[in-house]
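Down below is the structure, laid out as structure tokens.
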Amino acid sequence: MERMTASPSVVGALAMTLASLSYDFADDELAYLALTGDAFRPVRDRIAWRLQQELGEEYVVARTWRRSDIAVLTGATPVLQVEARAMAALDLLDTVTRADHLAALTADGLRMAAVAPESSAYLLALVTHVDGPVPGHLHDVVEQSDLIASATPGAEPVAATARKLWEAEVGRLAWPCTRFAIGAGSRWGLAVELDAHLVGPLPQVVGETGLQVAG
Numbered sequence: 340m341e342r343m344t345a346s347p348s349v350v351g352a353l354a355m356t357l358a359s360l361s362y363d364f365a366d367d368e369l370a371y372l373a374l375t376g377d378a379f380r381p382v383r384d385r386i387a388w389r390l391q392q393e394l395g396e397e398y399v400v401a402r403t404w405r406r407s408d409i410a411v412l413t414g415a416t417p418v419l420q421v422e423a424r425a426m427a428a429l430d431l432l433d434t435v436t437r438a439d440h441l442a443a444l445t446a447d448g449l450r451m452a453a454v455a456p457e458s459s460a461y462l463l464a465l466v467t468h469v470d471g472p473v474p475g476h477l478h479d480v481v482e483q484s485d486l487i488a489s490a491t492p493g494a495e496p497v498a499a500t501a502r503k504l505w506e507a508e509v510g511r512l513a514w515p516c517t518r519f520a521i522g523a524g525s526r527w528g529l530a531v532e533l534d535a536h537l538v539g540p541l542p543q544v545v546g547e548t549g550l551q552v553a554g
């Protein structure tokens, strides 16, 4: 099957959406969502809606299309698919957990690409950084409050280390990767930032086997 590579305008719209995503949330809204639960769905949904606005009527932007979290279609044909995964920066400090995150994201992405090999496929890692410490009365409210409390004082060293380790991990794939910093604001004195690592396009795959070929 001939591969329908996403046009530069489609990929550019995705990059523009990620670069300006913080403006699509109310002040401190994204910080609240990330602190109190998994921000994956609201972020995924906002990306899809903004992408639909950017691309206009020529394309249809779908959520949870087949195996993808976001897909861009022209007619019934997919031209771009995105497989996304949310993770906490603190998880990336652990060698095993970091490798597990990448392995799971890559495996899901390759399965996604195999379902519609004619499209361009991308991975999206959404990494949450929290500037602690978490006040005692919020330990049952804030996700991973115990891990945040045990981290090195000050979020910048943790965030910088997590970014360096994750980018090195992704670098082993030798696929293009771009990081977008998404300011989330703050809540309860906790500053939050999301890093969106966009990886791809993935190599073309054949069938459901996950076999990679150049492309």
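Its first residue numbered 340, the sequence shown is counted upward by one per residue in this note's numbering.
Each residue gets a CB set at the ideal place from its N, CA and C atoms; glycine is no exception.
Give the range of the beta strand (DSSP E) segment to which Y461 is assigned. As a first step, residue 461 is located in the sequence shown; it is residue number 122 there, counting from the start. That run of the beta strand (DSSP E) goes S459 to D470.
Just verifying my parser: in three-state terms, what is the DSSP assignment at V382? In the sequence shown, residue 382 corresponds to position 43, counting from 1. Note: V382 maps to helix in three-state DSSP.
Three or more beta-carbon pairs under 8 Å between the stretch 412 to 423 and the stretch 442 to 451, yes or no? With the cut-off at 8 Å, the stretch 412 to 423 and the stretch 442 to 451 touch.
Would you mind giving the Cβ-Cβ distance between D377 and R402, rounded to the nearest angstrom? I have them listed as a contact below 8 Å. Here residue 377 is taken as the residue at index 38 of the sequence shown, counted from 1. Here residue 402 is taken as the residue at index 63 of the sequence shown, counted from 1. D377 to R402, Cβ: 16 Å. No contact.
Report the rounded CA-to-CA distance for W514 versus S459, giving the unit in angstroms. Mapped onto the sequence shown, residue 514 falls at position 175. Mapped onto the sequence shown, residue 459 falls at position 120. For W514 and S459, the distance between alpha carbons rounds to 13 Å.
How far does the beta strand (DSSP E) with P417 in it extend, from its first residue to its last? Stepping through the sequence shown from its first residue, residue 417 is reached at position 78. Run containing P417: T416 to A427, per the beta strand (DSSP E) assignment.
Residues near W505 in its chain [Cβ-Cβ closer than 6 Å; skip 5 each side]: Counted from its first residue, the sequence shown places residue 505 at position 166. The beta carbon of W505 sits closer than 6 Å to those of L431, all from its chain and outside the five residues before and after it, given in chain order.
Tell whether a beta-carbon distance below 8 Å holds between V454 and V411. Stepping through the sequence shown from its first residue, residue 454 is reached at position 115. Stepping through the sequence shown from its first residue, residue 411 is reached at position 72. No; because the gap between Cβ atoms is not below 8 Å, this pair is not in contact.
Between D363 and R389, is the Cβ-Cβ spacing less than 8 Å? Residue mapping note: residue 363 aligns to position 24 of the sequence shown, counting from 1. Residue mapping note: residue 389 aligns to position 50 of the sequence shown, counting from 1. Yes, the Cβ-Cβ distance between D363 and R389 is below 8 Å.
L369 beta carbon less than 8 Å from that of S361: Within the sequence shown, residue 361 is the residue found at index 22, counting from 1. Within the sequence shown, residue 369 is the residue found at index 30, counting from 1. Closer than 8 Å, so yes.
Secondary structure, beta strand (DSSP E): runs of 3+ residues fully inside the stretch 359 to 413: 399 to 404 and 407 to 413
Thinking just about the alpha-carbon of each residue, which of D366, R511, V399 and R405 is nearest to the one in T413? Within the sequence shown, residue 413 is the residue found at index 74, counting from 1. When D366, R511, V399 and R405 are compared, the shortest CA-CA separation from T413 is found for V399.
Could you check whether R511 and Y371 sit closer than 8 Å to each other, using their CB atoms as the reference points? Numbered from 1 along the sequence shown, position 32 holds the residue referred to as residue 371. Numbered from 1 along the sequence shown, position 172 holds the residue referred to as residue 511. No, these two residues do not count as a Cβ contact at 8 Å.
Between T416 and V481, what straight-line distance do the alpha-carbon atoms span, to the nearest angstrom? By one-based count along the sequence shown, residue 416 stands at place 77. By one-based count along the sequence shown, residue 481 stands at place 142. Roughly 41 Å separates the two Cα atoms.
What is the DSSP secondary structure of S348, reduced to helix, strand or coil? Numbered from its first residue, the sequence shown carries residue 348 at position 9. Of the three classes helix, strand and coil, the one that applies to S348 here is helix, per DSSP.
Output needed for A517: all residues of its chain with C-beta closer than 6 Å, excluding positions within five of it in sequence on either side, in chain order. Start at 1 with the first residue of the sequence shown, and residue 517 comes out as number 178. It should be noted that the sequence gives Thr, not Ala, for residue 517. Excluding positions up to five away in sequence, the list reads L537.
Can you name the start and end residues of the alpha helix (DSSP H) that D447 belongs to? Stepping through the sequence shown from its first residue, residue 447 is reached at position 108. Note, D447: alpha helix (DSSP H), T434 to V454.
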